[in-house]
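Have a look at the structure below, then the notes.
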Amino acid sequence: MFKLIRLFIIPIVCSCLALSAGAQNTAAIAGQVKSPAGQPLSDAAITIQGTHAGAYTKSDGHFRISGLKPGKYTLIVSMLGFSRQELAIQLGNAELRLDITLTGETQTREGVTVTGKGKSRQLRESGFAVNAIDTRRFANSSADMNTILNRTTGVKIRESGGTGSDFQFSINGLSGRAVRYFIDGIPLEVMGSAMTLNNIPVNLAERVEIYKGVLPVSLGADALGGAVNLVTNQNIKNYLDASYSFGSFNTHRAAVTGQVTGKTGIVGRVSAFLNYSDNDYKMKAIELFNDETQEYELRDVRRFHDQYRSTMVQGEIGVVQKKWADVFFLGAGYSNTDREIQTGSNQNRVYGAALQNGDAFNATLRYKKSNLFTEGLDLNIFASHTQDKYLVTDTTGYRYFWDGSRVPLNAAEMSNVKVLTHVNRPRNYARANFSYTLSPEHSFNLNYTFDEMSNKTYNQLVADKDDNPGRIAKHIAGLGYQQNLLNARWTNTFFGKFYGMQLTQAEILTGNGEYISGNDTKSFFGYGVASRYKIMPDFGVKASYEKAYRLPEVSEMFGNGYDQIANPLLKPESSHNVNLGAYYGTQRGNSRFYAEGGGFFRDAVDFIFPKTYQSNSQVIRYENTSKVRVTGAEAEVQYDYRDLFHLTLNATYQHSINNTKRGEGKDETEEASYRNKIPNQPWLFGNALASIGKNGLLGKGTRIQLNWDLQYVHWFYLTWEDFAVSNEKVPNQYIQNLGLTYSLRNGRYNITAECRNLTDQRAYDNWRLQKPGRSFFVKLRYFIH
Amino acid sequence: MHHSITKWSRSAALVLGMVSLGACVKYDDKISIGPGNGSENFAIWIQLGSWPNTTQYMVGAESLLKGAVSLKGNGVEVTSKADYGIIAKDGFYYYPSTSSDNSKLSKFSFKDNQLTTVRQVPFTYQSGVSSYCFVNDSTLVLVGNNGDRNKLLCSVVNTNTLATRNAALPINPIPAGYAGVGARSLDFVDGKLYLTLAYTANWPDPAYPKAIVAIIDFPTLTLVKQLEDGRSVGAGIGNMWMSATAVDHKGDYYMLAYPGWLSKTMSSALYRIKKGAMAYDPAYFVNLDQLLGGAGVAMYGIGNGRALVKYKALPDDGTDAEHIMAYALVDLAKGALVRKLTELPLDKGEMLQTITVEGNNAYIMVNSKVGKDYIWVYDIEKDAATPGLEIAGGYDYLLRIDKLK
Numbered sequence: 088m089f090k091l092i093r094l095f096i097i098p099i100v101c102s103c104l105a106l107s108a109g110a111q112n113t114a115a116i117a118g119q120v121k122s123p124a125g126q127p128l129s130d131a132a133i134t135i136q137g138t139h140a141g142a143y144t145k146s147d148g149h150f151r152i153s154g155l156k157p158g159k160y161t162l163i164v165s166m167l168g169f170s171r172q173e174l175a176i177q178l179g180n181a182e183l184r185l186d187i188t189l190t191g192e193t194q195t196r197e198g199v200t201v202t203g204k205g206k207s208r209q210l211r212e213s214g215f216a217v218n219a220i221d222t223r224r225f226a227n228s229s230a231d232m233n234t235i236l237n238r239t240t241g242v243k244i245r246e247s248g249g250t251g252s253d254f255q256f257s258i259n260g261l262s263g264r265a266v267r268y269f270i271d272g273i274p275l276e277v278m279g280s281a282m283t284l285n286n287i288p289v290n291l292a293e294r295v296e297i298y299k300g301v302l303p304v305s306l307g308a309d310a311l312g313g314a315v316n317l318v319t320n321q322n323i324k325n326y327l328d329a330s331y332s333f334g335s336f337n338t339h340r341a342a343v344t345g346q347v348t349g350k351t352g353i354v355g356r357v358s359a360f361l362n363y364s365d366n367d368y369k370m371k372a373i374e375l376f377n378d379e380t381q382e383y384e385l386r387d388v389r390r391f392h393d394q395y396r397s398t399m400v401q402g403e404i405g406v407v408q409k410k411w412a413d414v415f416f417l418g419a420g421y422s423n424t425d426r427e428i429q430t431g432s433n434q435n436r437v438y439g440a441a442l443q444n445g446d447a448f449n450a451t452l453r454y455k456k457s458n459l460f461t462e463g464l465d466l467n468i469f470a471s472h473t474q475d476k477y478l479v480t481d482t483t484g485y486r487y488f489w490d491g492s493r494v495p496l497n498a499a500e501m502s503n504v505k506v507l508t509h510v511n512r513p514r515n516y517a518r519a520n521f522s523y524t525l526s527p528e529h530s531f532n533l534n535y536t537f538d539e540m541s542n543k544t545y546n547q548l549v550a551d552k553d554d555n556p557g558r559i560a561k562h563i564a565g566l567g568y569q570q571n572l573l574n575a576r577w578t579n580t581f582f583g584k585f586y587g588m589q590l591t592q593a594e595i596l597t598g599n600g601e602y603i604s605g606n607d608t609k610s611f612f613g614y615g616v617a618s619r620y621k622i623m624p625d626f627g628v629k630a631s632y633e634k635a636y637r638l639p640e641v642s643e644m645f646g647n648g649y650d651q652i653a654n655p656l657l658k659p660e661s662s663h664n665v666n667l668g669a670y671y672g673t674q675r676g677n678s679r680f681y682a683e684g685g686g687f688f689r690d691a692v693d694f695i696f697p698k699t700y701q702s703n704s705q706v707i708r709y710e711n712t713s714k715v716r717v718t719g720a721e722a723e724v725q726y727d728y729r730d731l732f733h734l735t736l737n738a739t740y741q742h743s744i745n746n747t748k749r750g751e752g753k754d755e756t757e758e759a760s761y762r763n764k765i766p767n768q769p770w771l772f773g774n775a776l777a778s779i780g781k782n783g784l785l786g787k788g789t790r791i792q793l794n795w796d797l798q799y800v801h802w803f804y805l806t807w808e809d810f811a812v813s814n815e816k817v818p819n820q821y822i823q824n825l826g827l828t829y830s831l832r833n834g835r836y837n838i839t840a841e842c843r844n845l846t847d848q849r850a851y852d853n854w855r856l857q858k859p860g861r862s863f864f865v866k867l868r869y870f871i872h
Numbered sequence: 019m020h021h022s023i024t025k026w027s028r029s030a031a032l033v034l035g036m037v038s039l040g041a042c043v044k045y046d047d048k049i050s051i052g053p054g055n056g057s058e059n060f061a062i063w064i065q066l067g068s069w070p071n072t073t074q075y076m077v078g079a080e081s082l083l084k085g086a087v088s089l090k091g092n093g094v095e096v097t098s099k100a101d102y103g104i105i106a107k108d109g110f111y112y113y114p115s116t117s118s119d120n121s122k123l124s125k126f127s128f129k130d131n132q133l134t135t136v137r138q139v140p141f142t143y144q145s146g147v148s149s150y151c152f153v154n155d156s157t158l159v160l161v162g163n164n165g166d167r168n169k170l171l172c173s174v175v176n177t178n179t180l181a182t183r184n185a186a187l188p189i190n191p192i193p194a195g196y197a198g199v200g201a202r203s204l205d206f207v208d209g210k211l212y213l214t215l216a217y218t219a220n221w222p223d224p225a226y227p228k229a230i231v232a233i234i235d236f237p238t239l240t241l242v243k244q245l246e247d248g249r250s251v252g253a254g255i256g257n258m259w260m261s262a263t264a265v266d267h268k269g270d271y272y273m274l275a276y277p278g279w280l281s282k283t284m285s286s287a288l289y290r291i292k293k294g295a296m297a298y299d300p301a302y303f304v305n306l307d308q309l310l311g312g313a314g315v316a317m318y319g320i321g322n323g324r325a326l327v328k329y330k331a332l333p334d335d336g337t338d339a340e341h342i343m344a345y346a347l348v349d350l351a352k353g354a355l356v357r358k359l360t361e362l363p364l365d366k367g368e369m370l371q372t373i374t375v376e377g378n379n380a381y382i383m384v385n386s387k388v389g390k391d392y393i394w395v396y397d398i399e400k401d402a403a404t405p406g407l408e409i410a411g412g413y414d415y416l417l418r419i420d421k422l423k
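Structure follows, in structure tokens:
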């Protein structure tokens, strides 16, 4: 099948080029849309009545529509919060230029339901399978990014506890290292390992894009299952968004993001956050030994070693809209995490002293220039250096129990051997992105990323440095070609990607116990296509495909030189990812409706996992162990009535099966679990979000809004479903959250009261790792722009 | 002659296999030894799934002589409760949580495909138990490591109350240049504990090159004598997972030394300590590599001075994936090979307890590269092995079999 796809890509490209050539027309219209204050407006919808032609304004407010026959038309300009404008125009052979100022700005404050056909909606209507979430809608919530993203289709985030806990992010059934994280197209790791989606406040990003299985070349990474891209506020306007929330379990979150432009034209930007929580929530029905009765009994106890604190500050200073640069910024940042570790992989393993502390510094450079050398050629450069390090402290000589008691034990907690493990990961990263718009119908994107990281790990109790650090350098280049055919009704993006990796390590340990030097270079090619066809202006179908890779880490390939041995034959994880989808949106009077849905298919092979080597439980080797096939479907509907009422409903079904046909070393018999559903994975889940709000109820410029959401996870088996007499199930979960926001002065001052897990359900993302019960939070937010 | 026997035995195996195939179909409904009849005499431990989605199951079997057993709708998943490093005796299991490390000592019963907790107590004295023996019906001795793996610790357990008496074992200090010590097999012989052990370095550096038995007085737990011999090293895997010692009808103690990664040059070997002697029998040393053509890794006494020895019939690539293990009948007293059980297919490389002995039968669970997997029945008197219970379904790892009653 995939060979067929490969075979067909080239002919399709050729035929489409021919099609587009035949579709050339002479009439065109271009211009800029501005607010009454003269601010360029992005994402305003421009349509030509009676045709399928249309466009959205770019971030600088510009738009261009071509491919029209000369004649008289009515141009319609609309954008949420502004009065719709209809303009009679006459097109001749020359391009018509129009500057349009929208009027009648109404309630476009942040924090209210924004349902305009903004950038998020545009992304959803691209050929890629992407969830685009306008996080401004949630800006008054005390939630972190994970909480917001977990409410979207195809995404399931499984946290191991409360604030700051470890988590596993799954996109359409693929998780772990298969998912990559970005901020403005840059890997999140360049900010340091302290920056994760479970501690970034929702206010720091304007939008989040979740690419499922197929990634545009501009996100240069070996993402097997997909990627999450946080998009920060890129407007040139000055603004300040400051918030503070506090609540149960002594949880505090503060976040500031803002921009200021000096009189000299120098722009300063800063983003910062602080998270703190004791995470001392109640663990229900925990087994504890009663010394009097000499029996185990079930008791409710509080977590006692789960304190979490993370801080981050990132600043940038530079200039915009200069002759030599649209954007030039130099930046620096620092992040820090301190974490007590309460449990192991299940709550039977209780820790009372283990710690993880990390901090990271980074320095960044950002440069952007449009129309470089020639019109339509844009260059975007980013470079950074990161010093990222963390320390794992596991030196106690005690075994702890859930009631906080402990007994002496001549061993560490997390492993037998006591460790003060230092992990230092200096990283250099550079990205250059060229985009070239040859014409409205044809554009190209060339992206190259260089990502180099060393891994220096040592146990301070036995060494003072890593004598054998590993180094990996990844070169990822992608070339994409996008064509907009039939007046942009049909959009195709074809792309190819090159993945190159260089691995070096002074000494690696081979399977027979010999030391050799490790040096390897490997390269792989990926490719794909994303296509969308608008059957009607607001109804489209789309499809995308990618042969995707996840390259091995240096430690997976070369081990660590003492208890992880090398496996030079390790292959990258790879997958054929296919998405099919459709969307439909309509507006009638004050009601807006949007629906999208689709199916997905993942055929992933060569998953890399550590395995015990030579029956020696202390020595492991990474191997390509298994194959997984995922098929699924997801759908979401949204309804808005003005800014009064909003409703989102979505559901995801995914069927992940073990596709490993032959067991290890088996030549004939199929493995018993072949084609069985992968255990311990949610396979049916959905969300409902509703909000109702009213402006001016408590005075001019005020708004009061009630938000409710429900997360549903259908029961799933902990183990293989066809086997054993009765299987343990993780039961159905219904988690409800409720929030009430009161805003004054058109959203400048906001106060929110929230209750999470309203019905105090016992919540699990992972069985035997309880999550918090009912909790309360208050958030104060000041926003000016 | 030998050729014709082999041919005959292959034909017999084929016929039996076909019969079993019929039996598989015929017994398909019967193989679920479901709750209610309590008829299981044996428990089979099986691992299902491909990495990392592996789970372990126990399934009961009334007989290992015939029929088929499958995990489809049968057995119980035990991954989070216990693992195959476990002690079976008289229908009960004793589990010092060596792998899951949940700091408990548990006593389970296994009946009607349910592993039921009889009693549990906190158990934190040892961080990894590797060796055990029963001194009497109600006294279990557990030996293992401290967290730093540089001491051997001992817990004497009352099997009714699970009350323990703990003490560090006074073995000889770790020789200079070596990092740790590991216990392997523990036996209660003639009123004393015989503990095989090895002083280890950090992998892959070789271990202290001696085959060692510590003889420890019970119940005082004082060291009587520690024996060393420089011709081999190691002592199999800990007997929580595999047996590597046997005491014959005369009370003589036999110990299999298996170097594995502990030495790149030494061979596996058999040693003997005659009843009452506090020294290796100087007249007895059997180079098992030479005797069998591959390293011996485990040994199960089957009476009459004989033992079944599990050995590596093909080179080991270290992955456990290949089918390299074979079984041989060895006359312990003579130190001689009686015969190799060539009628059995090569077994996968698991270093686990795949043999159990009941009366005149030794049951050998073989994970075959091709064809079906069977628990082979070795008739000790007739010296003949035939396929018994089929383990139907295609499982990567066949972990252990235990006699329950």
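So the sequences go chain by chain: A and B. The working numbering numbers the first residue of the first sequence as 88 and each following residue consecutively. The working numbering numbers the first residue of the second sequence as 19 and each following residue consecutively. Cβ coordinates follow ideal geometry from the N, Cα and C atoms, glycine included.
Residue interval of the alpha helix (DSSP H) (run including residue i)
{"i": "I235 of chain A", "result": "232-236"}
{"i": "Q209 of chain A", "result": "206-211"}
Beta carbon proximity, residue i to chain B, threshold 8 angstroms
{"i": "D490 of chain A", "result": "no"}
{"i": "N497 of chain A", "result": "yes"}
{"i": "A720 of chain A", "result": "no"}
{"i": "R93 of chain A", "result": "Here the model assigns R93 of chain A a pLDDT of 43, short of 50, so the residue's position is not dependable, and the following value carries that caveat. Chain B, which has no Cβ nearer than 8 angstroms to the Cβ of R93 of chain A, makes this no."}
{"i": "D852 of chain A", "result": "no"}
{"i": "F531 of chain A", "result": "no"}
Residue-level contact to chain A via CB, residue i, 8 angstroms cutoff
{"i": "W221 of chain B", "result": "yes"}
{"i": "A325 of chain B", "result": "no"}
Environment of residue i [buried if 16+ CB atoms lie within 10 Å]
{"i": "G200 of chain B", "result": "buried"}
{"i": "R290 of chain B", "result": "buried"}
{"i": "I765 of chain A", "result": "buried"}
Collapsed DSSP secondary structure at residue i in the structure displayed
{"i": "L155 of chain A", "result": "strand"}
{"i": "E640 of chain A", "result": "coil"}
{"i": "G263 of chain A", "result": "helix"}
{"i": "M399 of chain A", "result": "strand"}
Residue i: first and last residue of the uninterrupted beta strand (DSSP E) it sits in
{"i": "E500 of chain A", "result": "Here E500 of chain A belongs to no beta strand (DSSP E), and DSSP marks it neither H nor E."}
{"i": "M258 of chain B", "result": "Unbroken run through M258 of chain B: none, as it is neither H nor E."}
{"i": "S127 of chain B", "result": "122-129"}
{"i": "W63 of chain B", "result": "60-66"}
{"i": "H562 of chain A", "result": "557-572"}
**Continuous alpha helix (DSSP H) assignments of at least 4 residues falling wholly in the stretch 272-324 of chain B** = The stretch 272-324 of chain B contains, as complete alpha helix (DSSP H) runs of 4+ residues, the segments 306-310 (chain order).
**Item:** beta strand (DSSP E) segments (min. 3 residues) lying fully within the stretch 287-371 of chain A
**Value:** As far as the stretch 287-371 of chain A is concerned, its whole beta strand (DSSP E) runs of at least 3 residues are 294-299, 313-318, 326-334, 338-348, 353-364.
**Request:** For the stretch 321-386 of chain B, list the beta strand (DSSP E) runs that are entirely contained and at least 3 residues long, ordered along the chain.
**Result:** Fully enclosed beta strand (DSSP E) runs of 3 or longer: 324-330, 341-349, 354-358, 373-376, 379-384.
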